[in-house]
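Data first, discussion second: the structure below is written as structure tokens.
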Amino acid sequence: MAVDSVLSSPLGPPACEKDAKALQLIEELTRNADAVQERVLAEILSRNAETEYLRRYRLDGATDRETFKSKLPTVTYEDLQPEIQRIANGDRSAILSAHPISEFLTSSGTSAGERKLMPTIQEELDRRQLLYSFLMPVMNLYVPGLDKGKGLYFLFVKSETRTPGGLLARPVLTSYYKSDHFKTRPYDPYTVYTSPNEAILCSDSYQSMYTQMLCGLVERSQVLRLGAVFASGLLRAIRFLQLNWQQLAEDIRTGSLNPKVADPAVRACICRILKPDLALAEFIAKECSQDNWEGIITRIWPNTKYLDVIVTGAMAQYIPTLDYYSGGLPLACTMYASSECYFGLNLNPMCKPSEVSYTIMPNMAYFEFLPHEPNSLELTRDSPPKLVDLVDVEVGKEYELVITTYAGLCRYRVGDILRVTGFHNSAPQFHFVKRKNVLLSIDSDKTDEAELQKAIENASELLCEFNTSVVEYTSYADTKTIPGHYVIYWELLTKDLANSPSGDALNKCCLAMEESMNTVYRQCRVADNSIGPLEIRVVKSGTFEELMDYAISRGASINQYKVPRCVSYKPIMELLDSRVVSSHLSPAQPHWTPERRR
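When the count follows our numbering, it moves up by one through the sequence shown with no breaks and lands on 606 for the last residue.
As structure tokens, this is what we get:
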């Protein structure tokens, strides 16, 4: 029931007094976005005034925007890498931040094949928690009654390591799930999960997935929403159910836990929950044994009101499959965040995926925006970019996000391209367009054109003994399979047809490509099982000329035509697939360990 209208919000009637306070804070922050931004920048510059980085640029204690913008350059990760490496190696002096660096958050973006290390400080957990605390008050405006049931969320911790200097390096969500903010969170009827902490915090991905799915099945009637971080993660859970429903049903029938779940803390926790339930076991067997899995989510969890997953950017490719399995349930994208910083939230979470816009919360960091001109030359240090403040962006224009954080990143180019769709009060709302320079992505992996080119070059060396070379190539991310996988189209030139590359040799080319991929791709393949084996499809000679002819027939200039290194347009896909003469899959997993290359 909504609270008294005295506590009402312009966003809508809050569900309870706690929600009213959260919505009121959102209103205050967005109404006063520019003043909040000015305060945030002054706080960051004041507290970090004596850091080596700010002293280098002779800021001399200034905290105003004009001085800050005139003296500090915009930077990329590669620009900051020497300072970050010093911190990683154990230098505890105030290099970037006056506050001690508490750990590194490993980004899904990479540099020289390794995950980027983003320095963070302890108090950043409070900022992240604040943004999380806004999500359900907003969702409750659109979906009533979420306090009457539970959420089935598939949440996982990833491997972590330590830098040479002893600091932890791990993904931002692993850091959050292992923090007291998550583990000892106070009871809130709107955020009750079916998955116990022990299952979420289990580092073995099979045991974690198995027990989270088991708990979700046992409490199926209480589940009001399903979720995972990315759309690909939720589909992986459905695939897991397809492969393991018989054992899950057996556990429910007998009330005893699969012996493959060996983690003592997880076993103890699940054994307290699991009781024999013959009727539920038979129901699961009946539903899951059918060949048709359309609508399986609402068949097994009939009270589900929406799916809580990210389906913007590269994840949009999974929307048709999610619709198939869920019977068209609403897809809610709730927040926008990264390892560098948490940015904002979706104030209309039940909108269509194509209409998702995130409202930047001005207290998270200091935000600037670099106008994005896709066809312009890259800006150089000699012609510094004209950055735009948060409240001064223009509707309809695209920008690259630039942030200055409490943890010491100054005018850091995140690499996300955003389009302004409107404003909530004075805070802009952005549609996520894409990750800059990313060519292929299935899960949290991001492969750019240079990485793909290098992988092609390394793999093609295996063709030398056959006097064969790769004439042309393109690629696409195939998400029709679960998990999805990279598909690479090769057109080959073989000078001696009697000595053509064997199928085994081309299979090895697939593996050679995977070995060349960055660490995030290889972790997804090996540890997370969120990407399937890479596939090479060899096409007939002349296929890429046909591709060019097709493009020219649709208006492309013959003088400016370049082979697209990634394709998704259906007619082009059909043309390529109709010319395939052989297909090859990676015969093994690439090498991967959590340790960073020294």
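Using N, Cα and C, we set each Cβ at its ideal position, and we do this for glycine too.
Bear in mind the structure is a predicted one, so any value in this text is a computation, not a measurement.
Contact between the stretch 363 to 380 and the stretch 323 to 330 is absent: fewer than 3 CB-CB pairs across the two stretches fall below 8 Å.
When beta bridges are read from the DSSP output, residue 435 appears opposite 432.
In the displayed model, residue 219 falls within a helix according to three-state DSSP.
Judged by their CB atoms, residue 347 and residue 163 are not nearer to each other than the 7 Å cut-off. Of the residues assessed, residue 87 falls on the exposed side of the cut-off, its CB having fewer than 16 other CB atoms within 10 angstroms.
By the Cβ rule, the stretch 472 to 484 counts as touching the stretch 494 to 506, because three or more pairs are nearer than 8 Å. When only Cα atoms are considered, residue 56 and residue 177 end up about 23 Å apart.
For residue 228 against residue 309, the beta-carbon gap comes to about 5 Å, under 8 Å, which counts as contact.
DSSP places residue 372 outside both helix and strand once states are collapsed to three, so it counts as coil. Between residue 455 and residue 326, the C-beta gap is not smaller than 7 Å, which leaves the two residues out of contact. Three or more beta-carbon pairs drawn from the stretch 540 to 547 and the stretch 581 to 590 are found closer than 8 Å, and the two stretches are therefore classed as touching. In this structure, residue 396 sits away from residue 375, with a CB-CB distance that is not shorter than 7 Å. Around the beta carbon of residue 485, 16 or more other beta carbons lie within 10 angstroms, which makes this residue buried.
Listed as beta-bridge partners of residue 367 by DSSP are 353, 437. Beta bridge pairing from DSSP links residue 592 with 544.
Between residue 372 and residue 139 the beta-carbon gap is near 7 Å, inside 8 Å, which marks them as a contact.
Of the candidates 282, 54, 411, 441, 441 places its Cα closest to the Cα of residue 324. Within the same chain, 55, 56, 58, 59 come within 7 Å of residue 106 by CB-CB distance, once the 5 residues on both sides are set aside. Secondary structure at residue 87: helix, using DSSP grouped into helix, strand and coil.
Contact between residue 259 and residue 222 holds: CB atoms are separated by about 6 Å, below the 8 Å threshold. Apart from sequence neighbours up to five positions away, the residues of its chain that approach residue 66 with a beta-carbon distance below 7 Å are 79, ordered along the chain. A distance of 7 Å or more separates the beta carbons of residue 541 and residue 470. Per the coordinates, the alpha-carbon of residue 583 lies some 24 Å from the alpha-carbon of residue 446. Where residue 498 is concerned, the enclosing beta strand (DSSP E) starts and stops at 493 to 502. Secondary structure of residue 420 (DSSP, three-state): strand. For residue 234, the closest C-alpha among the options 189, 208, 317 is that of 317. Residue 363 counts as exposed, since fewer than 16 other beta carbons sit within 10 angstroms of its beta carbon. Assignment of beta-bridge partners to residue 426 by DSSP yields 407, 440. Contact annotation, residue 422 with residue 409: C-beta distance approximately 4 Å; criterion of less than 8 Å satisfied. Rounded to whole angstroms, the Cβ separation of residue 201 and residue 154 is 12 Å, and the two are not in contact under 8 Å. Contact between residue 103 and residue 125 does not hold, since their C-beta atoms are separated by about 13 Å, which reaches or exceeds 8 Å. For residue 38, the three-state secondary structure derived from DSSP is helix. Looking at the backbone, the Cα of residue 119 and that of residue 360 are separated by about 34 Å. At a Cβ-Cβ threshold of 7 Å, residue 231 and residue 294 do not count as neighbours.
Residue 206: member of the alpha helix (DSSP H) spanning 205 to 208, first to last residue.
With fewer than 16 other beta carbons inside 10 angstroms of its own, residue 195 counts as exposed.
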